[in-house]
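Data first, discussion second: the structure below is written as structure tokens.
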Ligand code: URA
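Written out as structure tokens, the structure reads:
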């Protein structure tokens with residue numbers, strides 16, 4: 006790929022902006038030698054104002070989404086992209102969220118510009134489980150775990166029952182729910198179906214990948230080990 010396009014695709018500016026950066030001598034090799042737009046150099050050997058380039062396409066990030074942010078590029082309120090470097094919103098291919106969390110849900114959110122990987126993560130075939138920690142307005146009744154595990158629970162206005170889900174009760178107002186599908190507002194609607202109400206919801210794990218101690222609002226790029234963990238079923242190691 007031509008250097009102007011490569012750098013513009015990383016969100017540094019339009020192709021015109023990047024061409025100007027070349028003319029201004031701001032784009033160099035690691036030794037500070039000025040590069041020209043038709044030079045043949047690898048991504049790793051390019052500096053802009055002395056700084057290495059942002060990571061190339063194929064980026065996968067994990068973000069600890071705080072409550073109050075939407076998984077959208079357009080919402081007029083706070084959006085998850087506000088938590089990333091501003092250039093990341095301008096990248097091509099686009100950095101998309103892998104599925105969504107509600108505005109009022111916190112926790113592990115993945116973003117990637119790798120369409121094939123995104124499909125693999127969300128595909129029902131991958132059966133990646135997701136763990137949600139729910140805080141409830143009312144004490145659990147005691148029959149919820151059986152009902153959620155039954156594979157017969159029908160949510161309002163849906164034709165097919167939910168796949169079996171695992172509920173681990175922590176105390177009468179706190180439980181962890183493991184799902185293998187992702188229907189609209191699924192956790193909140195499941196608890197509503199048993200007469201309860203979710204007052205706080207947090208996703209702590211996707212597949213074998215845990216949010217861990219990443220602080221709220223922080224993000225990091227995933228490496229090959231993280232991706233292996235993501236696709237490793239819990240209990241398989
Ligand atoms: N289920 C919900 O109800 N909300 C989320 O954000 C995710 C799962």
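Residue numbers (the working numbering): 6 to 242. Positions of the beta carbon are idealized from the N, C-alpha and C atoms, including for glycine.
- Task: Could you check the C-alpha separation between residue 206 and residue 191 for me, to the nearest Å?
- Result: About 11 Å.
- Is the distance from the Cβ of residue 72 to the Cβ of residue 34 below 9 Å? For residue 72 and residue 34, no; Cβs fall outside 9 Å.
- According to DSSP, what are the bridge partners of residue 67? Bridge partners of residue 67 according to DSSP: 115 and 225.
- Near the ligand URA: residue 199 beta-carbon under 8 Å from a heavy atom: For the ligand URA, not one heavy atom lies less than 8 Å from the Cβ of residue 199.
- Based on the DSSP secondary-structure assignment, which residues constitute the bridge partners of residue 137? Checking the DSSP bridge columns, you'll see residue 137 partnered with 182 and 208.
- Please name the residue, chosen from 148, 77 and 170, that lies closest to residue 181 on a Cα-to-Cα basis. Measuring C-alpha to C-alpha distances from residue 181 to each of 148, 77 and 170 identifies 170 as the nearest.
- Message: Looking at the strands, I want to know which residues DSSP matches up with residue 102.
- Response: In the DSSP secondary-structure assignment, residue 102 is bridged to 116.
- Would you say residue 106 and residue 64 are within 9 Å of each other, going by their C-beta atoms? No, these two residues do not count as a Cβ contact at 9 Å.
- Message: Quick test of your reading: residue 49 and residue 118, contact by CB under 8 Å. State the CB separation rounded to the nearest angstrom.
- Response: Taking 8 Å as the upper bound for CB-CB distance, residue 49 and residue 118 are not in contact here, some 18 Å apart.
- Message: Tell me the residue span of the beta strand (DSSP E) that contains residue 171.
- Response: Residue 171 -> beta strand (DSSP E) spans 171-176.
- Task: Taking residue 222 and residue 11 to be in contact with their CB atoms under 8 Å, please state how far apart those CB atoms are, rounded to whole angstroms.
- Result: About 30 Å separates the Cβ atoms of residue 222 and residue 11, ruling out a contact at the 8 Å cut-off.
- Same chain only: Cβ atoms within 7 Å of residue 23, ignoring 5 sequence neighbours per side: Excluding sequence neighbours, residue 23 sits near 9, 12, 13 and 17.
- Closest by CA to residue 224, which one among 164, 204 and 85? Out of 164, 204 and 85, 85 has the C-alpha closest to the C-alpha of residue 224.
- So which residues touch the region around the ligand URA, with touch meaning a C-beta under 5 Å from any heavy atom? Any residue whose Cβ sits closer than 5 Å to a heavy atom of the ligand URA makes the list: 106, 107, 110, 190, 191, 192 and 193.
- Of the residues 28, 42, 70 and 93, the one placed nearest residue 59, counting alpha carbons only: Closest option to residue 59, Cα to Cα, is 93.
- Task: Return the chain-ordered list of same chain residues with a C-beta closer than 6 Å to the C-beta of residue 150, the five sequence neighbours on each side being excluded.
- Result: Within the same chain, residue 150 has close Cβ partners 172.
- Message: The alpha helix (DSSP H) that contains residue 12, what's its start and end?
- Response: Counting along the chain, the alpha helix (DSSP H) containing residue 12 begins and ends at 8-12.
- Query: Which partner residues does residue 84 have in the DSSP bridge list?
  - Reply: Paired residues: 75.
- The alpha helix (DSSP H) enclosing residue 192, as first and last residue numbers: Residue 192 -> alpha helix (DSSP H) spans 191-198.
- Query: Looking at the structure shown, is residue 91 part of a helix, part of a strand, or coil, going by DSSP?
  - Reply: It is helical.
- Message: What does the alpha-carbon distance come out to for the pair residue 68 and residue 112?
- Response: When rounded, the distance between both Cα atoms is 8 Å.
- Residue span of the alpha helix (DSSP H) that contains residue 153, given as start and end: Here the alpha helix (DSSP H) through residue 153 covers 149-154.
- Query: Rounded to a whole number of angstroms, what is the C-alpha to C-alpha distance between residue 27 and residue 41?
  - Reply: Cα-Cα distance, rounded: 6 Å.
- What residues in its chain sit with their C-beta under 6 Å from that of residue 51, if we drop five residues either side in the sequence? Answer for residue 51: 58, listed in chain order.
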